[in-house]
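Under my numbering, think of the first position of the sequence shown as 12, with each following residue one higher. Note that the Cβ used here is the ideal one computed from N, Cα and C, for glycine as well.
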Amino acid sequence: MRIDVLSIFPSYFDGLTLSLLGKARDAGILDLRVRDLRDWTSDRHRTVDDTPYGGGAGMVMKPEPWGLALDEIARPSETPAAERPTIIFPSPAGEVFTQKTARELATREHLVFGCGRYEGIDERVFDYAADLGEVRLISLGDYVLNGGEVATMAMVEAIGRLIPGVVGNPESLVEESHEDGLLEYPSYTKPASWRDHSVPDVLLSGNHAAIDAWRREQQLERTRRRRPDLLPTDQSSAS
Ligand code: ADE
Numbered sequence: 012m013r014i015d016v017l018s019i020f021p022s023y024f025d026g027l028t029l030s031l032l033g034k035a036r037d038a039g040i041l042d043l044r045v046r047d048l049r050d051w052t053s054d055r056h057r058t059v060d061d062t063p064y065g066g067g068a069g070m071v072m073k074p075e076p077w078g079l080a081l082d083e084i085a086r087p088s089e090t091p092a093a094e095r096p097t098i099i100f101p102s103p104a105g106e107v108f109t110q111k112t113a114r115e116l117a118t119r120e121h122l123v124f125g126c127g128r129y130e131g132i133d134e135r136v137f138d139y140a141a142d143l144g145e146v147r148l149i150s151l152g153d154y155v156l157n158g159g160e161v162a163t164m165a166m167v168e169a170i171g172r173l174i175p176g177v178v179g180n181p182e183s184l185v186e187e188s189h190e191d192g193l194l195e196y197p198s199y200t201k202p203a204s205w206r207d208h209s210v211p212d213v214l215l216s217g218n219h220a221a222i223d224a225w226r227r228e229q230q231l232e233r234t235r236r237r238r239p240d241l242l243p244t245d246q247s248s249a250s
């Protein structure tokens, strides 16, 4: 998979050289390119923002650098013939990102993330981008960040780890929170007793059917308690 990131703070993404995603990049499984939007400005100050038409607080990102950058990064000849890129603009006004979104985006060949700053990006950029690929405005959640960088980092990690070969043991992807619509069960390791806290007996029993049943019940219990919104309505009130 190829992922391009456009940002005025490319060094935010230095962390993506670490850990599993860093290894995936080294192995050629993930082609991640982080680009500085200011490289597509032509004035001495490398300006990317201006005052909003109609007035109001803050500054808006100018369309010209975005247009030039997208022409270079997302135009059809730059992407495999079979698939136009998916162009994602992180935004608190977008659809909410979930594990389902991550699974869907992990099947794409080319993702482009456009990180907005200030009060946002000139709306015409989204219309223009729609001529080049599928445009998605995606929110990390119902709160406001200072820009799209942190949201892009989170999405790239959530999507990247679903690309085959990135996570060494694919089974660990199946047994985690949100993969089956529930929160994951609690995990323990040695020692069996630690500071007067013991590992539940069932996990030491060697009875795999009993362990599976216990883990399933823990998943349901936790989900009911912490995230009842994830359960179908008939399960959230069941005892
Ligand atoms: N930019 C600012 N806030 C955001 C959020 N909640 N999600 C995605 N991008 C954002």
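Of the listed residues the options, nearest to residue i (C-alpha basis)
{"i": "residue 110", "options": "227, 172, 69 and 30", "result": "172"}
{"i": "residue 126", "options": "137, 118 and 116", "result": "137"}
{"i": "residue 85", "options": "98, 74, 54 and 191", "result": "98"}
{"i": "residue 227", "options": "150, 198, 207 and 210", "result": "198"}
{"i": "residue 223", "options": "186, 149 and 119", "result": "186"}
{"i": "residue 26", "options": "39, 43 and 38", "result": "43"}
{"i": "residue 236", "options": "210, 193 and 225", "result": "193"}
{"i": "residue 24", "options": "159, 102 and 77", "result": "159"}
{"i": "residue 96", "options": "74, 124 and 76", "result": "124"}
{"i": "residue 178", "options": "17, 28 and 35", "result": "35"}
{"i": "residue 140", "options": "80, 66, 63 and 161", "result": "80"}
For residue i, the three-state DSSP class (helix, strand or coil)
{"i": "residue 100", "result": "strand"}
{"i": "residue 71", "result": "strand"}
{"i": "residue 212", "result": "helix"}
{"i": "residue 170", "result": "helix"}
{"i": "residue 132", "result": "strand"}
{"i": "residue 54", "result": "coil"}
{"i": "residue 25", "result": "helix"}
{"i": "residue 82", "result": "helix"}
{"i": "residue 191", "result": "coil"}
{"i": "residue 61", "result": "strand"}
{"i": "residue 154", "result": "coil"}
{"i": "residue 87", "result": "helix"}
{"i": "residue 249", "result": "Caution applies to residue 249, whose pLDDT of 47 falls short of 50 and renders its modelled position unreliable; the value that the coordinates give is listed next. Residue 249 falls in the coil class under three-state DSSP."}
{"i": "residue 181", "result": "coil"}
{"i": "residue 244", "result": "helix"}
{"i": "residue 112", "result": "helix"}
{"i": "residue 138", "result": "helix"}
{"i": "residue 226", "result": "helix"}
{"i": "residue 12", "result": "coil"}
{"i": "residue 33", "result": "helix"}
{"i": "residue 165", "result": "helix"}
{"i": "residue 186", "result": "coil"}
Contact under 8 Å by Cβ, residue i with residue j
{"i": "residue 166", "j": "residue 100", "result": "no"}
{"i": "residue 72", "j": "residue 60", "result": "yes"}
{"i": "residue 151", "j": "residue 14", "result": "no"}
{"i": "residue 21", "j": "residue 57", "result": "no"}
{"i": "residue 225", "j": "residue 213", "result": "yes"}
{"i": "residue 130", "j": "residue 78", "result": "no"}
{"i": "residue 76", "j": "residue 51", "result": "yes"}
{"i": "residue 174", "j": "residue 17", "result": "no"}
{"i": "residue 32", "j": "residue 168", "result": "yes"}
{"i": "residue 106", "j": "residue 143", "result": "no"}
{"i": "residue 195", "j": "residue 230", "result": "yes"}
{"i": "residue 104", "j": "residue 170", "result": "no"}
{"i": "residue 120", "j": "residue 12", "result": "yes"}
{"i": "residue 19", "j": "residue 128", "result": "yes"}
Opposing strand residues paired with residue i [DSSP bridges]
{"i": "residue 149", "result": "106"}
{"i": "residue 17", "result": "46 and 125"}
{"i": "residue 198", "result": "Answer is none; residue 198 lacks a bridge partner."}
{"i": "residue 204", "result": "209"}
Cutoff 8 Å: residue i Cβ touching any chain B Cβ
{"i": "residue 209", "result": "No chain B appears in the structure shown, which is made up of a single protein chain."}
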